[in-house]
Amino acid sequence: MAKPKKDETAEEAKKIVDDAKNFIEKAIADIGKTSATKQLILGTASGWLTGFMTMKIGKLAAVGVGGGVILLHIASQKGYIDINWDKINKKVDKITDKIEKEATGRSPDWFEKVERFVDRKIDKAEELLKKKEKKAKHWYNNFVAGDEYRATETHVFLASFVAGMAIGILCGK
Numbered sequence: 004m005a006k007p008k009k010d011e012t013a014e015e016a017k018k019i020v021d022d023a024k025n026f027i028e029k030a031i032a033d034i035g036k037t038s039a040t041k042q043l044i045l046g047t048a049s050g051w052l053t054g055f056m057t058m059k060i061g062k063l064a065a066v067g068v069g070g071g072v073i074l075l076h077i078a079s080q081k082g083y084i085d086i087n088w089d090k091i092n093k094k095v096d097k098i099t100d101k102i103e104k105e106a107t108g109r110s111p112d113w114f115e116k117v118e119r120f121v122d123r124k125i126d127k128a129e130e131l132l133k134k135k136e137k138k139a140k141h142w143y144n145n146f147v148a149g150d151e152y153r154a155t156e157t158h159v160f161l162a163s164f165v166a167g168m169a170i171g172i173l174c175g176k
């Protein structure tokens, strides 16, 4: 089966958009012809429905995105996955440059790019020093305290996330 050409797909999409616009314009025109009471009732009902659905979908999306971020963070800390931050940062830089060029009409100059590069290298060096510091603290704590339980930053983060999520669920009801 042959794939439709790009022009055909674009035309189909344009037709669908035009049909949707015509439907919305017709519906608004029909509502505009009704009495003020009907307009208020329809506006209130559709606004309430939109807000209600937004809250439900928003909560679901927030829990999904937040849970995904937490799982990725835990998997990264436990060593199950290794995130290539250099690759992510390069893609973010390219996207940022495109957005800046579209918004301001000019690309970032070389000084801004050098500044970003140096900032990333400093962050990398700081991260390396923190890892060495964690290893030293871990060795010292094992030497002094043995196998005693200690709360880590991850434990604090997870506890605060669960508490925040509970508060958000209670407030969103």
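Numbering (my numbering), first residue to last: 4 to 176. Every residue gets a Cβ at the ideal spot worked out from N, C-alpha and C, and that includes glycine. Small disclaimer: the values here were computed from a predicted structure and weren't measured.
Residue i vs residue j beta-carbon contact at 8 Å
i	j	result
residue 52	residue 34	no
residue 86	residue 79	yes
residue 144	residue 123	no
residue 111	residue 105	no
Euclidean distance between Cα positions of residue i and residue j
i	j	result
residue 32	residue 77	53 Å
residue 17	residue 30	20 Å
residue 131	residue 140	14 Å
residue 49	residue 83	46 Å
residue 164	residue 54	25 Å
residue 15	residue 28	20 Å
residue 138	residue 70	28 Å
residue 11	residue 90	36 Å
residue 4	residue 133	Because the pLDDT at residue 4 is just 49, under 50, the model does not fix this residue reliably, and the point stays unresolved.
Residue i CB to nearest heavy atom of the ligand FAD below 7 Å
i	result
residue 77	The ligand FAD is absent from the structure shown, which contains no ligands of any kind.
Exposure label - residue i; buried when at least 16 CB within 10 Å
i	result
residue 65	exposed
State whether the region 84-102 contacts the region 110-125, with contact taken as three or more CB pairs (one from each stretch) at a distance under 8 Å.
Yes, since at least three Cβ pairs between the region 84-102 and the region 110-125 fall closer than 8 Å, the two stretches touch.
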